[in-house]
Amino acid sequence: MTAEEFKATRSEQWSGALLALWWDGQGDWDHAHEVAQGLDDREGAWVPAYLHRKEGDEGNAGYWYRRAGRRAASGDSNQEWQQMVEEMLAR
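98 is the number that this note's numbering gives to position 88 of the sequence shown; each next residue is one higher, with no gaps.
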């Protein structure tokens with residue numbers, strides 16, 4: 011499944027980090043953040059890292075990237091979203 015196909019699915023198919031990313035893909039940052047706040051693993055920490063970077067809160071994003079065990083991303087947030095979706099779907 012591609013990231014674009016993922017975006018076109020129904021939310022009921024997803025849980026955890028993928029559900030948060032699905033909501034962000036629908037343009038609902040708040041709902042994505044709400045879902046991500048309930049996650050307590052490295053994959054779950056990656057989502058708020060991305061979300062806070064997307065909103066321009068680099069300090070908060072840095073905290074979450076460290077919790078996720080990942081280097082802070084740079085560049086286009088849409089590319090990061092696609093990378094995240096594809097990597098998580100491949101698991």
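Yeah, the Cβ is synthetic: ideal placement off N, Cα and C, and Gly gets one too.
These numbers were taken from a predicted model, which means no experiment stands behind them.
Rounded separation between residue i and residue j - CA only
i: R80; j: W56; result: 8 Å
i: N70; j: D40; result: 16 Å
i: G53; j: E96; result: One point to set straight first is that residue 53 is Glu, not Gly, in the sequence displayed. Spanning the two alpha carbons is a distance of roughly 13 Å.
i: A100; j: A13; result: 11 Å
i: M98; j: A46; result: 14 Å
i: K64; j: Q36; result: 14 Å
i: E15; j: L29; result: 14 Å
6 Å CB neighbourhood of residue i in its chain, flanking five on each side removed
i: D34; result: A42
i: A82; result: G72, Y75
i: G78; result: The question names Gly, but residue 78 in the sequence shown is Ala. Result list for A78: R52, A55, W56, A59, in chain order.
Among the options, nearest to residue i - alpha-carbon criterion
i: A59; options: T19, S21, A27, Q36; result: A27
Sequence-distant residues of its chain with Cβ nearer than 7 Å to residue i (five each side left out)
i: E68; result: none
8 Å contact criterion, which residue i and residue j should meet: CB distance rounded
i: W91; j: L49; result: Their Cβ separation, rounded to whole angstroms, is 16 Å, which puts W91 and L49 out of contact at 8 Å.
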